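Quick notes on the structure that follows.
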Amino acid sequence: MLSKLKILLVKEFTLELRRKSVISGIALYMLSLIFIVYLTFSLRRDTINEATWSSLFWLTVLFSVVNSVAKSFIGEKRGLAIYYYSIASSHLIIISKILYNSVLCLVLSIAGFILFQVFIDNPVQDYMYFLLLLLLTSVGFSGALTLISGIASRASNSNILMAVLSFPVVISILLMAIRVTKNVLDGIDRAASHDELLNLVAINGIVGTLAWLLFPYIWRS
Amino acid sequence: MKQWMKFLAVAILLYVHTAGLLADVPRLNILNETVRALYFHVPMWFGMIFLFGMSLYFAIKYLANPSVDNDRKSVECAHVGMAFGFLGILTGMLWANYTWGSPWHGDPKQNGSAIALLVYMAYFVLRGSVDNQEQRARLSAVYNVFAFAAMIPLIFIIPRLQDSLHPGSGGNPGFNIYDLDNRMRYIFYPAVIGWILIGVWIASLRVRRKALEEKILDLE
Numbered sequence: 000m001l002s003k004l005k006i007l008l009v010k011e012f013t014l015e016l017r018r019k020s021v022i023s024g025i026a027l028y029m030l031s032l033i034f035i036v037y038l039t040f041s042l043r044r045d046t047i048n049e050a051t052w053s054s055l056f057w058l059t060v061l062f063s064v065v066n067s068v069a070k071s072f073i074g075e076k077r078g079l080a081i082y083y084y085s086i087a088s089s090h091l092i093i094i095s096k097i098l099y100n101s102v103l104c105l106v107l108s109i110a111g112f113i114l115f116q117v118f119i120d121n122p123v124q125d126y127m128y129f130l131l132l133l134l135l136t137s138v139g140f141s142g143a144l145t146l147i148s149g150i151a152s153r154a155s156n157s158n159i160l161m162a163v164l165s166f167p168v169v170i171s172i173l174l175m176a177i178r179v180t181k182n183v184l185d186g187i188d189r190a191a192s193h194d195e196l197l198n199l200v201a202i203n204g205i206v207g208t209l210a211w212l213l214f215p216y217i218w219r220s
Numbered sequence: 000m001k002q003w004m005k006f007l008a009v010a011i012l013l014y015v016h017t018a019g020l021l022a023d024v025p026r027l028n029i030l031n032e033t034v035r036a037l038y039f040h041v042p043m044w045f046g047m048i049f050l051f052g053m054s055l056y057f058a059i060k061y062l063a064n065p066s067v068d069n070d071r072k073s074v075e076c077a078h079v080g081m082a083f084g085f086l087g088i089l090t091g092m093l094w095a096n097y098t099w100g101s102p103w104h105g106d107p108k109q110n111g112s113a114i115a116l117l118v119y120m121a122y123f124v125l126r127g128s129v130d131n132q133e134q135r136a137r138l139s140a141v142y143n144v145f146a147f148a149a150m151i152p153l154i155f156i157i158p159r160l161q162d163s164l165h166p167g168s169g170g171n172p173g174f175n176i177y178d179l180d181n182r183m184r185y186i187f188y189p190a191v192i193g194w195i196l197i198g199v200w201i202a203s204l205r206v207r208r209k210a211l212e213e214k215i216l217d218l219e
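Protein sequence lines correspond, in order, to chains U and A.
Numbering that gives the first Met the number 0 numbers the first residue of the first sequence as 0 and each following residue consecutively.
Numbering that gives the first Met the number 0 numbers the first residue of the second sequence as 0 and each following residue consecutively.
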């Protein structure tokens, strides 16, 4: 089973690197967002305070991530979906998609963070902790959004539906992330954020288990 | 729903409303007489959780055994649960206006419950956008499970972690300290039971009406 999973993962990465459509589109989107933020704030000749930095960062990451994960199921053609259905079990497919999307989200968040550092101030003091936070949120976003993308792909108006369905589910992850970011920006001791990180791990667990259990029902048609 | 349960529900609620407004309540500092809102605000939430729980139960039953009946029950319970949720937020806003100073205080539990309602509104949007009846039922059952699991941390866990004006969160003492001696308990617990019974009654009426509507459509 593990070898099948590896094959599926390799397939996802190969397809992505071959076409580069998703990565380049989203990267451009993110770059434009950050540039607009930079222009708006530099005009005031004022340094951004930490709350603003945090909210802008998470807004940028959130929108880029939602757009990129949405393409995982919605763009797929019917024939291709039937082919995948016949060759691999639904569990493997959802796990491979979630893992691939987690890596994608992590790359996007790190890229966003680096771009933020380049264009705008960088108040983050504890890099490793922030990286851990980005890892946890990537997995969480990926799990929730991949399942929602699977649901939305079966309905009409998929893009609007994706946004509508995903927003509330993602909020709890985002709330935890914002609180930890606030602590990291303020330079507070690591132990203060342990509760929120544990919460994130728990939410990731819930979302992952639900995706595992529920995906076969969506895949059936 | 059994006849005696309906009579019981009506009787309980009549008792709750008269006793709730007329009986003595313990005096507390900021709350004064508004603590009576406890009899109306909190049972709404109990009712909502119970109805969403029933909706979840029927959604899981649908996934195990696809039948139009299970799907119908799941949706109607969600409808009534949402109505209770709206009433809960409205009563909460009314109570907050007199005790906290403004209807919407940005309190985490308020925000959490508003977002939980958004989750279920998205559920209804999803149902509206799928045409195929069988697929609609399956997708909404899946999303129902997901929405319920998303709602639990939002309403129960996250507000407790943050500073909040709600009792029981952010270091405030829970309701036991509010002198919830037998005076208030005698009215509060029946209120919860009464509202849950009413909610189930309304849901069952809606289910029957929907079944009849579909039968008429089939015959036409």
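Ideal Cβ positions, reconstructed from N, Cα and C, are used throughout, including at glycine.
Model, not experiment: these values are computed from the prediction.
Residues of chain U with a Cβ closer than 7 Å to the Cβ of A148 of chain A are, in chain order, I205 and L209. D23 of chain A carries a coil assignment under DSSP once its states are collapsed to helix, strand and coil. Assigned with DSSP and collapsed to three states, I187 of chain U falls in coil, not helix or strand. Listed along chain A are S128, V129 and D130, each with a C-beta nearer than 8 Å to that of S155 of chain U. Chain U places no beta carbon closer than 8 Å to that of A10 of chain A, leaving this residue out of the contacts. Between V179 of chain U and A143 of chain U, the gap from beta carbon to beta carbon reaches 8 Å or more. For the options U:A162, U:N203 and U:R153, the alpha carbon positioned closest to that of M175 of chain U is the one of U:N203. S108 of chain U: member of the alpha helix (DSSP H) spanning S89 to F118, first to last residue. For I25 of chain U, the CB contacts under 8 Å within the same chain, skipping 5 residues up- and downstream, are S63, N66, S67 and L107 in chain order. By the neighbour-count criterion, in which 16 or more other beta carbons inside 10 Å mark a residue as buried, N110 of chain A falls on the buried side. The C-alpha of S31 of chain U is placed about 14 Å away from the C-alpha of V117 of chain U. Counting of Cβ neighbours within 10 angstroms places H40 of chain A among the buried residues, the total reaching 16 or more. What R137 of chain A touches in chain U, judged by beta-carbon distance under 7 Å, is Y216, going in chain order.
Between L216 of chain A and L7 of chain A, the C-beta gap is not smaller than 8 Å, which leaves the two residues out of contact. Using a Cβ-Cβ cut-off of 8 Å, L125 of chain A counts as an interface residue toward chain U, since at least one Cβ of chain U sits closer than that to its own. Taking the Cβ atoms as the reference, A148 of chain A lies roughly 24 Å from L105 of chain U, outside the contact range of under 8 Å.
Residues of chain U with a Cβ closer than 9 Å to the Cβ of L62 of chain A are, in chain order, L213 and Y216. At least one C-beta of chain A is nearer than 8 Å to the C-beta of I150 of chain U. Under the three-state reduction of DSSP output, G80 of chain A falls in the helix class.
H16 of chain A carries a helical assignment under DSSP once its states are collapsed to helix, strand and coil. No residue range can be given for D130 of chain A, since it is assigned to no alpha helix (DSSP H) and is classified by DSSP as neither H nor E.
One alpha carbon belongs to R137 of chain A, the other to F123 of chain A, and they sit about 13 Å apart. For M0 of chain U, the secondary structure class from DSSP, reduced to helix, strand or coil, is coil.
A straight line joining the alpha-carbon of L173 of chain U with that of N198 of chain U spans about 11 Å.
Minimum Cα-Cα distance from S128 of chain A among the listed residues U:R189, U:A191 and U:S152 corresponds to U:S152.
In the three-state DSSP reduction, P102 of chain A falls in the coil class, being neither helix nor strand. Residue environment analysis places R71 of chain A among the buried positions, since at least 16 neighbouring C-beta atoms fall within 10 angstroms of its C-beta.
Around V168 of chain U, the beta-carbon contacts reaching into chain A at under 8 Å are V118, F145, A146 and A149.
If you check the CB distance, F72 of chain U and G149 of chain U come in under 8 Å. Using a Cβ-Cβ cut-off of 8 Å, L164 of chain U counts as an interface residue toward chain A, since at least one Cβ of chain A sits closer than that to its own.
In this structure D125 of chain U touches V183 of chain U by the C-beta definition: roughly 5 Å separates them, less than 8 Å. For L131 of chain U, the CB contacts under 8 Å within the same chain, skipping 5 residues up- and downstream, are L196 in chain order. The C-alpha of V21 of chain U is placed about 21 Å away from the C-alpha of K5 of chain U. Short of 7 Å from the beta carbon of V206 of chain U, and not among the five residues preceding or following it, lie these beta carbons of its own chain, in chain order: G139, G142 and A143.
From the beta-carbon of Q109 of chain A, no residue of chain U is found nearer than 7 Å; the closest lies around 14 Å away. The residue among A:W99, A:V199, A:K60 and A:T90 with its C-alpha nearest the C-alpha of K1 of chain A is A:V199.
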